[in-house]
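In what follows, a structure is listed as C-alpha cells, so that the remarks can point back to it.
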Amino acid sequence: MKPMSNTNIAEKNIPGMRRGGAGRFAEVEKAENIWPTLKRIWQYFAKEKMLLLVMLIIVIIGTFFGIYAPTRQSLAIDILSGEQSGKLTHAIWWMLVAYALYSISQLIQGLLSATLSQRIVKRLREQLFGKIMDVPIRYLDSNSHGDVMSRMTNDIENISTTVSQSIVSLFSGVLTIIGTAGIMLWYSWQLALLSFASILLTVFATKILSGFVRKYSRQRQLFLGELNGTVEEMVTGYRTVVAYNHQQATTSEFEATSDKLTKAGIKTDIFSGVMGPLMNAISNLGFVVVAVFGGYFAIKGYLSVGVISAFIVYTKQFTRPVNEIAQVYGQLQTAIAGAERVFMVLDEEDEEVSGGQELNIHDDATVMFEALNFSYDDGQPVIKDFTLEVPSGQKIALVGATGSGKSTIVNLLMRFYEADSGKILINGQDISAYSRASLRQKIAIVLQEAVFFSDTIENNLKYGNPKATREEVERAVEMSRATEMLARLPKGYETMLTSSGANISQGQRQLLSIARAFVTDPKILILDEATSNVDTRTEEAIQTAMQEVMKNRTSIVIAHRLSTIRDADKIIVMDHGKIVESGNHEELLTQKGKYFDLYMTQYAGFEI
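FYI, the numbering for the sequence shown is 34 to 641, going by my numbering.
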C-alpha cells in the first residue's frame, strides 16, 4: 500500500512520517569512494555469474564478427576488381553470415543486459526498501523524505540504466577499439595514424562541448527544481495562495524561474545540438582524408581498393565506441554516485534489537515513567527528570506549549527513541525487556492528521490487525460512530481512499482513525491532538467516539483544545520537558498557574 498523507514528526508529532520538501533536482556529484563502491557493485554482479559469463561470451563473439565482416567485404571487392583471385560467392556468403551473426549478437546482448540489469536492481531495490523499514525513526526524522525517495527511485534507476546500457557498451567498445586498431595498423599504419588523429580531434572537441553542456545542464536542473517546487507549493497550498490574493506574486515567481529555465535550456540544447553535427563533420573529414590518401596508396599499388573500403568501415567502427565510451563515462559517474548514496543507507545501523519478551496484558496496564531524560541529536535536553504514573484504565492528559515535550513522551513510550536515562515501566516491567513489535501491538495511536493508505477503507481499518473479521470491523465502526458516515459512501467498506485522502473529509478520516484503533483492541491508547483540525460539531462527534474507545483503557491524550480533556483523571502541564503542574481540571484552575493561563487564553470571555 502507498502512503497517502504524511505527518510531521518533529518534536510534537508522531509516529514516523514527515513531509518531504518540494521536489528538487540535485546536481549529480562524483562518487567520493569510487573503488570501494565499484567493489560492492561487483558483489551484485557476482551473484549473476552465469548470466554475466554468457553475456560476455556473446559480446566477444559479436565483436569478433563485427571486425571480421569488413575483411570479407574487402576480399569481395578485390575479387570483383581482379586484384585477388577466389570465389566471389564464398566471400559474399561469409560477409553476409558475419554481418548476420553480428546483428543477432547485438540483439542477444540487449536481452541479456536488460535481464542482468533488472535482476541486480530488483535485489538492490528490495534490500534498500527493507533497510528503510528497519532503520530507527531517528534516521527518517533527520533526513528529508524527498532525499530518501530520490535514493529509492532516481539513484536505483540510474544504476539500472547504466547496467543495462553502459556495461555492454563499455566492454564491447574496448574490444572493438583494440581489434579495429590492431587490424588497421596491420593493413596500413600510415592510414591508421591519420584515422587516430581525427578521432583524437573528435574527443578533444567533445570534451570542450561537454563542459558547456554540463554547465548549462546543471543550471537547467537547478531551475527545473525551483520551478517544480513553486508548482508543488502552489498546488498543495492553493487555498492559502488564493485566500491571501497571492496569485499574481506566485505567477510572477513562476514566470521568472521559467524564464531562467528557458535560457539555460536553450544554451544546453544549442551545445548539445552542435555536438552531434560537429562530431559527424570531424568524422567525415577523417573519412575524406582516409579516402584521399587511400586512393593515392591504391594508385601507387600500396593498397587494394578492397582494403581501402574495409579501412573506411574500420574507421567508422573505431570512432563509434570511442564516442560511446565518452558518454558511458558520464553515465558511470552518475551510477557510481547513485550507488554510493544507496550504500550509505544500506550501511545505516538497524533499529537496535533489545528485549525478546512478549508483552502480555490481560486486564491492567499501568504505565510508569521514572526519571526520564532525553535529548535529540543536537544534545539539547528535551525531557528532564520526567516522572509520572498512569494507572490502569485512567485518562491522563498532557498539555503545554509547542516544544514542551508532550509528543516526545509518546515517542519514548512507543520506543521510536530510547531515553538517555530513566525507565518506562508497564505493570512494573521495563519496556526495554519487550520486543518493539510486541510493545506496539498493545498500543494504538490516533493522530492529529490521520495517516491512511491507498487501499480500501476495510483494509485500512484492519491495518493494525489484518486477521480481524468483517464483524469485528463493523463493530469497531459502530463503536466509533462512523456507521452513518460509511453508509453515505458509494461503496462503503470497499471505497478506495485516494491519494492524500481527498475523497473523504478530515472529520471522516478522524472517525476512521478511531475505528482503526478499536479494531486493534489496544490496552494502551494514545490520542495526539486528535480533534485540533476539525470544526466544533465534528469535534463533538469525535469526542463521543473517543470516550467510547477510551473506556477501560489506559489513555494518554495530547490536546491543544483544553475542552477535550476536562474530564481527564489527571492533567499534566509540561514546560521545557518538565512537569510543572498536575491535577484535575478544577484543581489546576484553582491554582491559577500555567494551565489557568492556557485555559484563559483559549476561553477568555466564556464562563469557566
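Built from N, CA and C at the ideal position, the CB exists for glycine as well.
1. Output needed for Asp-692: all residues of its chain with C-beta closer than 7 Å, excluding positions within five of it in sequence on either side, in chain order.
2. Taking Val-87 as the reference, give the member of Val-201, Asp-188, Val-154, Met-182 with the closest Cα.
3. Measuring CB atoms only, is the segment 283-294 touching the segment 254-267, in the sense that at least three cross pairs come out at less than 8 Å?
4. In chain order, what residues of the same chain lie with their CB nearer than 8 Å to the CB of Val-196, ignoring the 5 residues before and after it?
5. Per DSSP, which residues does Tyr-467 bridge with? Please list them.
6. Do the segment 385-403 and the segment 460-472 make contact, defined as three or more Cβ pairs closer than 8 Å?
7. Measuring alpha carbon to alpha carbon, tell me which of Ala-452, Ser-538, Gly-327, Asn-585 ends up nearest Thr-415.
8. Per DSSP, which one or two residues make a beta bridge with Glu-403?
9. Relative to the C-alpha of Leu-161, which residue among Ile-110, Val-378, Lys-80, Ala-501 is closest?
10. What does the Cβ neighbour count give for Arg-318, buried or exposed, with the cut at 16 atoms within 10 Å?
11. Taking only the alpha-carbon atoms, compute the straight-line gap between Ile-598 and Gly-163 and give it to the nearest angstrom.
12. Using the three-state DSSP reduction, which class does Ser-487 fall into: helix, strand or coil?
13. Exposed or buried, which one is Gly-433 when buried takes at least 16 other CB atoms within 10 Å?
14. Closer than 8 Å by C-beta to Gly-626: which residues in its own chain qualify, once you throw out the five before and the five after it? Chain order, please.
15. With DSSP run on the structure shown, which of helix, strand or coil describes Val-479?
16. Just to check my reading of the structure: Ser-175 and Asp-383 have Cβ atoms closer than 8 Å, yes? What is that Cβ distance to the nearest angstrom?
17. Do you know how far the Cα of Ala-79 is from the Cα of Val-375?
18. Thinking Phe-402 and Ile-457 are a contact (beta carbons under 8 Å), I'd like their distance in whole angstroms, please.
19. Determine the contact status of Leu-494 and Ala-509, defining contact as a CB-CB distance below 8 Å.
20. Please classify Ala-276: is it buried, with 16 or more other beta-carbons within 10 angstroms of its beta-carbon, or exposed?
21. For the segment 106-119 against the segment 324-343, are there 3 or more C-beta pairs whose distance is under 8 Å?
22. Taking 6 Å as the limit between beta carbons, can you name the residues of its chain near Ile-141, skipping five residues before and five after?
23. Pairs of beta-carbons, one from the segment 233-253 and one from the segment 277-291, closer than 8 Å: are there three or more?
24. What residues in its chain sit with their C-beta under 7 Å from that of Leu-121, if we drop five residues either side in the sequence?
25. Tell me which same chain residues have a C-beta within less than 6 Å of the C-beta of Met-312, skipping the five on either side of it?
26. On the CB-based measure, 16 or more other CB atoms within 10 Å of its CB, does Ser-118 come out buried or exposed?
27. Tell me, please, which residues DSSP counts as bridged to Pro-414.
28. Using only the alpha-carbon positions, how far apart do Ser-228 and Val-207 sit?
29. Only counting the same chain, and skipping five residues up and downstream in sequence, which positions put a Cβ closer than 7 Å to that of Ala-548?
30. What do you reckon, are the CB atoms on Asp-2 and Leu-480 nearer than 8 Å?
31. Within 10 angstroms of the Cβ of Phe-639, are there 16 or more other Cβ atoms? Answer buried if so, exposed if not.
32. Alpha carbons only, please: which of Ile-557, Asn-585, Ser-596, Leu-558 is nearest the one belonging to Gln-576?
33. How big is the Cα-Cα spacing for Val-386 and Lys-82?
34. Name the DSSP bridge partner or partners of Phe-419?
35. Under DSSP, the alpha helix (DSSP H) around Met-646 begins and ends at which residues?
36. Can you tell me where the beta strand (DSSP E) with Leu-560 in it begins and where it stops?
Taking the definition as stated:
1. An answer regarding residue 692 cannot be provided, because it is not within the stretch 34 to 641 covered by the chain.
2. Val-201
3. yes
4. Ser-146, Leu-149, Ser-150, Ile-153, Val-154, Ala-368
5. Gln-390
6. yes
7. For the sequence presented, residue 415 should be read as Val rather than Thr. Closest option to Val-415, Cα to Cα, is Ala-452.
8. Lys-456
9. Val-378
10. It should be noted that the sequence gives Leu, not Arg, for residue 318. Exposed, since its Cβ has fewer than 16 Cβ neighbours within 10 Å.
11. 40 Å
12. coil
13. buried
14. Val-606, Val-613, Glu-614
15. strand
16. Contact flag wrong, Cβ pair sits at about 16 Å.
17. 18 Å
18. 6 Å
19. yes
20. exposed
21. yes
22. Ile-91
23. no
24. Ala-109, Ile-112, Leu-113
25. Thr-235
26. exposed
27. Ser-408
28. 17 Å
29. Leu-494, Ala-509, Val-510, Ser-513, Ala-515
30. The first residue shown for the chain is 34 and the last is 641, placing residue 2 beyond what the model contains.
31. Residue placement at Phe-639 is flagged as unreliable, the pLDDT there being 48, under the threshold of 50; the coordinate-derived value follows with that caveat. Phe-639 is exposed by the Cβ-count criterion.
32. Ser-596
33. 35 Å
34. Leu-405
35. Missing from the structure shown is residue 646; the chain here goes from 34 to 641 and no further.
36. 557-561
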